[in-house]
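These notes are about the structure you will find just below.
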């Protein structure tokens, strides 16, 4: 262990020295990875590395240089067993100092007059750059490696390093933006402290009124809560229906049904809202048919909670399906066969064995549906009418005529209370129960088919919802091929030609107006998706398999990024990362960070549900045979979590393309995302081009999702129809 301890410490010390002498310490406007700064690295003072900056007058960097020197001294003079506490101290001191001086010194000097009165004037500094970020990360790893040398978590440096880095990332990209936004709620326009805005909004009857109990209008908080309960219940049930049809029936078109369940999630939400308006709105095509046939006057029933609920059911049922398909498919067939061997019929087996084992997936699907509904922005914006929800109220409180950041902060805190309460309720319901079904033993069974009394209703509901989905998407496709949607239905290809036109002048010319945002969106989404899946599944493994202090609080912190509406995420990121110490606005990095930490909880919840079915003896066996924690996760756990990996990849990729609420605040002229561009088209009345662009995005996402499916593959833990019974153990062992 001594050589391994020294080797990993040598690596981070070498990286720290390199960051201090060869990487720009401060932020580069043109971007670090463009490498345009290399030509001016020596001549431009702004590009100098940390060592040179410290030696030429920036005294606030001297403690950083000294602490790295102390770490090198510890490596040269002390054995691994005697330097753990000192390494922890160096890492903590380094992180604390970098955070303190980064927050205290801004572009024009001290950020607070008190510090200037105590220490005198100081030269201003830009935001941290690549060198500072690398060194800060290495200080965090020193804490982890020092704790490993002291025997924490059995000296497992991989686990400690993963926990430390995740805590650092969550603190930077979840808590720091929230603190920045809430701090702004207590600031007056001149920057002074005030609590008047918060006190005024926290008791506002427009938020808390229960007048709906006697025929009035409910406050926005209870209206949002009621909608979230309805959406979570409906999407969980529909997701289970589609998962059962896909895995437990012989329905001939179940593969087509699986495709239909994915379609709504790969569509920008406001496009679904526009399609529903054209179908069921006051002048909708289906509305006219119903009114002509029945003589009823339907009016504007779609605009309000009913319309939002229908749109959310279309948008979020696929998420429940993606969470539940792996859970339903992962139930051990031998357990169901054992029940039938004991003379239980298929209905009793399904009710007493299969359904209870789906509890983790059902609970996670409900929780995700609840939080998605709470945080949804696009559907309420299009279909909300006069009945707004918390997410849209927050948006208008900040960018509308109100200009009331205190109200936005109060509404965000209410939203957070609702979502964390749902998370607590889910944890209490699942606590103390064991749902392991994959134990590492050979499983020679096949899933039983659904009993007739369940199978026919399930198939009927799935087919009916599929027909409704097809109708909505027919409206979307129809809108892309007509001149003026709703007025002139002459067929044309002009919208596609204008959006995605291609020319030739000695080479390919991307003449369409949509190409720039399209390529930017694809690039950012393909970077964010694997990062989101990796961080989410690693976190799920730590939560389920590792026992460390603060584990529950860590899990709570992760859910916060998912619980907060995208509107608040976007605004908080702007407030946090528009100025030092971390300046990211206008870059691709802020979009990637937003997508990773906004969508990571879905990977976490899906991974937790999948991990709950993997017996802990699998990990123990690998560790007993001498494998490290990292190798165990890579060779044993990940192959058995392929459904969860696919779900995380698909969801994160799709959300990076279809997200609008946060993106609309973070895009720039250089990095403009597809959804923000489509919103601009809609605002300008160019509905045909907007629908054409959305249709192309749908086709692209289907293609990429299919690629993810081929790349990840399928988990195989049972025999198939074509496998000879005598070859089951060896064949399945090889596949696993």
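In our numbering, the protein residues as written are 984 to 1719. The C-beta atom is built at its ideal place from N, Cα and C for all residues, glycine as well. A quick note: this is a predicted structure, and the numbers were derived from the prediction, not measured.
Taking C-beta atoms as the reference points, residue 1213 and residue 1292 count as a pair closer than 7 Å.
Between the alpha carbons of residue 1298 and residue 1399 lies a gap of roughly 22 Å. A direct Cα-to-Cα measurement between residue 1043 and residue 1019 gives close to 27 Å. In this structure, the straight-line span from the alpha carbon of residue 1086 to that of residue 1071 is close to 23 Å.
If you look at residue 1465, you'll find it isn't in any alpha helix (DSSP H); it sits in the beta strand (DSSP E) that goes 1465 to 1467. For residue 1627, the CB contacts under 7 Å within the same chain, skipping 5 residues up- and downstream, are 1309, 1520, 1589, 1590 and 1593 in chain order.
The way I'd put it, the stretch 1562 to 1577 doesn't touch the stretch 1600 to 1613; fewer than three beta-carbon pairs between them come closer than 8 Å.
With a cut-off of 8 Å on Cβ pairs, the stretch 1630 to 1643 is in contact with the stretch 1674 to 1688, counting three or more such pairs. Where residue 1471 is concerned, the enclosing beta strand (DSSP E) starts and stops at 1471 to 1474. For residue 1224, same chain residues with a beta-carbon under 7 Å away, outside a window of 5 residues either side, are 1441, 1444 and 1445 in chain order. If you look at residue 1273, you'll find it in the alpha helix (DSSP H) that goes 1268 to 1277. Between residue 1203 and residue 1190 a beta carbon distance of about 6 Å is seen, short of the 8 Å cut, so the two are scored as contacting. Sixteen is the threshold: when 16 or more other Cβ atoms of the shown chains lie within 10 Å of the Cβ of residue 1464, as they do, the residue is buried. Nearest to residue 1140 by C-alpha distance, out of 1110, 1116, 1165 and 1067, is 1067. Between residue 1377 and residue 1548, the beta carbon gap of about 6 Å places them in contact (Cβ cut-off 8 Å).
Of all alpha-carbon atoms in 1220, 1249, 1394 and 1145, the one lying nearest the alpha-carbon of residue 1508 is that of 1249. In this structure, residue 1482 places its C-beta atom within 7 Å of the C-beta atom of residue 1495. Within the stretch 1156 to 1219, complete alpha helix (DSSP H) segments of at least 4 residues are found at 1159 to 1168, 1179 to 1185 and 1188 to 1191, given in chain order.
Taking all protein chains shown into account, residue 1013 has fewer than 16 neighbouring C-beta atoms within 10 Å of its C-beta and is therefore exposed. If you check the CB distance, residue 1114 and residue 1007 come in under 7 Å. One thing to note: residue 1256 has its Cβ within 7 Å of the Cβ of residue 1362. When the five nearest sequence neighbours on each side are left out, the beta carbons in the same chain lying within less than 6 Å of the beta carbon of residue 1474 are those of 1464, in order along the chain. In the DSSP annotation of this structure, residue 1486 is not part of any alpha helix (DSSP H); the continuous beta strand (DSSP E) holding it starts and ends at 1485 to 1487. Here residue 1229 is actually not in contact with residue 1246; their C-beta atoms are around 15 Å apart, not less than 8 Å. Annotated as proximal: residue 1675 and residue 1478, with beta-carbon spacing under 7 Å. Following the DSSP letters along the chain, one finds residue 1284 in no alpha helix (DSSP H), marked with neither H nor E.
When 1062, 1656 and 1110 are compared, the shortest CA-CA separation from residue 1501 is found for 1656. In this structure, residue 1122 sits near residue 1077, with a CB-CB distance shorter than 7 Å.
The straight-line gap separating the alpha-carbon atoms of residue 1025 and residue 1031 is approximately 7 Å. Annotation: residue 1041 to residue 1112 spans about 15 Å, alpha carbon to alpha carbon. Within the same chain, 995, 1074, 1144, 1147 and 1148 come within 8 Å of residue 1124 by CB-CB distance, once the 5 residues on both sides are set aside. By the Cβ-count criterion, residue 1404 is exposed, with fewer than 16 other Cβ atoms from all chains shown falling within 10 Å of its own Cβ. Taking C-beta atoms under 8 Å as the contact rule, residue 1004 and residue 1034 qualify, at a distance of about 5 Å. DSSP, read as helix, strand or coil, puts residue 1009 in strand. Between the C-alpha atoms of residue 1131 and residue 1613 there is a straight-line separation of about 15 Å.
Rounded to whole angstroms, the gap between the alpha carbons of residue 1179 and residue 1672 is 46 Å.
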